[in-house]
Amino acid sequence: MSTLRDAIKDKKRIVVKIGSSSLQHKETGDMDYIKIEKLVRELCDIRNQGKEVVLVTSGAIAAGKKAAGIKDMSQYSTNEAMAVKQACSAIGQARLMMTYQKLFSEYNQIAAQILMTKNTIVDNLNRYNAHNTFTQLLSMGAIPVVNENDTVATYEIEIGDNDTLSAIVAALVEADLLILLSDIDGLYTDDPRTNQDAKFIEQVDVLTDEYMNMGKASTGSNVGTGGMNTKMIAAKIATSSNVDMIIANSVDVGILHRILEGERVGTLFCANKDEGFDLPGFVNNLHK
Ligand code: GLU
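Structure (structure tokens):
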């Protein structure tokens, strides 16, 4: 087990995902600048170690709602809610990126925004272009900052959550490691908030149905869209595409360098390349 963790030290191309609930203060829903600053510093330090970094970040819709003063979505009909969500994501994405841009440039790194939908992967030409753009950015030493393009993604073309999106990105760029920063330490046999006997799982060698079912106990976060279930879907995409994946607690984002120093924190899902895994086909079937 320790050799697998040692091998994490040599990972070169790393995708990090952080969720909305990790980026805002629980009490107010406003952005947690100290946390975001620390995250950016960690990522810049990983870059300075000569590694390549991609950040998948949520928080656009939450930031947009906050800016527009929208507290309660239940006042809107389903159609209105979609338009409001899309408008909020447009407002919030710009704010989110402005914050990242400011912080990355303070540490002398180039940040680049990439917004995607399901079509980016399902359509062959789009996928080819996206792959080329990522590859070019990484070779230029830039840090791609990725989110779903929620301004145009309606149900039919949305990936829907950034856990899945980050695994898709990791597969697309042939990353060595995907780190999902979450509000939970990793995978448990059951929801530790409701079952005291739930046991922590340090490593998943083969992602069996038994593990997939454990994902059904949610993290309980009510911000963003990811629960443990979407993290298991992410694990399926990542490990089948030959990418190791770690779920770790974002309470202290300093956990990133601990992971990359080979410390045994979080749950490690070991890469198991499945030659038959069809990324565009899998993405096309999401939500169907
Ligand atoms: N793309 C959404 C946003 O930036 C969040 C999706 C998610 O939380 O997984 O607000």
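Take the working numbering: the last position of the sequence shown gets the number 308, and nothing is skipped along the way. Using N, Cα and C, we set each Cβ at its ideal position, and we do this for glycine too.
Is residue i close to the ligand GLU? I mean its beta-carbon at under 8 angstroms from any heavy atom of the ligand.
i	result
A82	yes
S40	yes
N167	yes
L59	no
Q113	yes
L185	yes
T171	no
S202	no
D52	no
D181	yes
G282	no
T77	yes
S260	no
S270	no
S125	no
S94	no
I109	For clarity, residue 109 is Ser in the given sequence; the question names Ile instead. Yes - the ligand GLU has a heavy atom lying nearer than 8 angstroms to the Cβ of S109.
From residue i to residue j, what does the alpha carbon distance come to, in whole angstroms?
i	j	result
F6	L24	Because the chain in this structure spans residues 21 to 308, residue 6 falls outside the shown range and cannot be described.
L197	G49	30 angstroms
G286	I130	29 angstroms
G301	V142	7 angstroms
E47	Y148	42 angstroms
L280	K29	5 angstroms
E178	Q223	31 angstroms
L158	A191	15 angstroms
A107	T140	21 angstroms
R284	L201	15 angstroms
K293	V193	15 angstroms
N146	T153	10 angstroms
N169	L135	5 angstroms
S41	A83	11 angstroms
S270	G206	10 angstroms
Return helix, strand or coil for residue i, following the three-state DSSP convention.
i	result
Y127	coil
A173	coil
V226	coil
S260	helix
Y208	strand
Q95	helix
T184	helix
I90	coil
Q69	coil
Q44	strand
T77	strand
N249	helix
Give the range of the alpha helix (DSSP H) segment to which residue i is assigned.
i	result
P300	L299 to N304
I38	Where I38 is concerned, there is no enclosing alpha helix (DSSP H), although the beta strand (DSSP E) it sits in stretches over R33 to I38.
N146	N144 to S159
H277	I275 to L280
Can you tell me where the beta strand (DSSP E) with residue i in it begins and where it stops?
i	result
S202	L197 to S202
T287	T287 to F289
I179	Note, I179: premise wrong, no beta strand (DSSP E); not H, not E.
E168	I163 to E168
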